[in-house]
Amino acid sequence: MKHVEGGLRERKKLQTRAALADAALRLALEKGPDHVTVEEIAEAADVSVRTFFNYFPHKEHAILARNPEHLERALERMRTAPAEESPLTTMWLIVHDVLRELESDGQLSRRGELIMSSPSLLYQLMLSSLDDERQLTAALAERMGEPAGSVRPALIVSTAGAACRVVMELHKTAPERPIRDLLDEAFQLLAQGIDTAFGPDHQKKGTS
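One rule links them: number in the working numbering = place in the sequence shown (from 1) + 53.
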């Protein structure tokens, strides 16, 4: 019985969070993110302002719909990845996990368009992403047995993050290309070494 009650509570929490995120996105698209208030979002989702802050620290987080559980799962995957799995492959798997969860609400493209058109949302996303990268870097350094401040784990994580940002910008200008395909191509190039993808003729020209 307790297990059933716990499951119902968790489902209700997920539903409330989704309602807040949907309301925040809808209002931001209608009015612009700078003209939306937390009170309006809470009212549209039929919850109190206090309940809003149980799920999101501010309205930008609701519009972005970032779930702290995504990061926790990413950190756990990074720490427990098989020894034979390369760190870049782990990052690729993490990105795909997050993308799959973001796609589940059917609002990924609309949210992406809004973010790219709003300096305040883009800035907030950048800050949040940098914090995520710092935590992932620490987890990767621990996994690799390297001390804090080591270049290699930081470079791997930040390069993967840069690839994601490039993909989002490319998808904005070429929406007909699926994000997953762009991500796979970007990470494949990173795994191969971008310079080697040009071939020997191009490499010779570049060094001549």
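Note that beta-carbon positions come from the ideal geometry of N, C-alpha and C, so glycine has one too.
{"Check": "Runs of 4 residues minimum, wholly inside the segment 179-231: which ones carry the alpha helix (DSSP H) assignment?", "Outcome": "204-226"}
{"Check": "Is Tyr108 buried or exposed, if buried means 16 or more other CB atoms sit within 10 Å of its CB?", "Outcome": "buried"}
{"Check": "Tell me the DSSP secondary structure of Ala72 in three-state form.", "Outcome": "helix"}
{"Check": "Is there contact between the segment 129-147 and the segment 192-201, where contact requires at least three CB pairs shorter than 8 Å?", "Outcome": "yes"}
{"Check": "Whose C-beta lies closer than 7 Å to the C-beta of His123 among residues of the same chain, with five residues either side of it excluded?", "Outcome": "Val151 and Glu154"}
{"Check": "To the nearest angstrom, how far is the alpha carbon of Lys258 from that of Leu242?", "Outcome": "Its pLDDT being 46, under 50, Lys258 is placed unreliably by the model, and nothing is read from it."}
{"Check": "Can you round the beta-carbon distance between Leu223 and Leu174 to whole angstroms, since I take them to be within the 8 Å contact cut?", "Outcome": "Leu223 to Leu174, Cβ: 19 Å. No contact."}
{"Check": "Taking Cβ positions, are Ile94 and Ala77 nearer each other than 9 Å?", "Outcome": "yes"}
{"Check": "Please list, in chain order, all residues of the same chain as Leu80 whose beta carbon is under 8 Å from its beta carbon, the five residues on each side excluded.", "Outcome": "Val89, Glu93, Ile94 and Ala97"}
{"Check": "Looking at C-alpha atoms only, which residue of Lys84, Pro121 and Leu73 is the closest neighbour of Ser101?", "Outcome": "Leu73"}
{"Check": "What do you reckon, are the CB atoms on Leu141 and Ala213 nearer than 9 Å?", "Outcome": "yes"}
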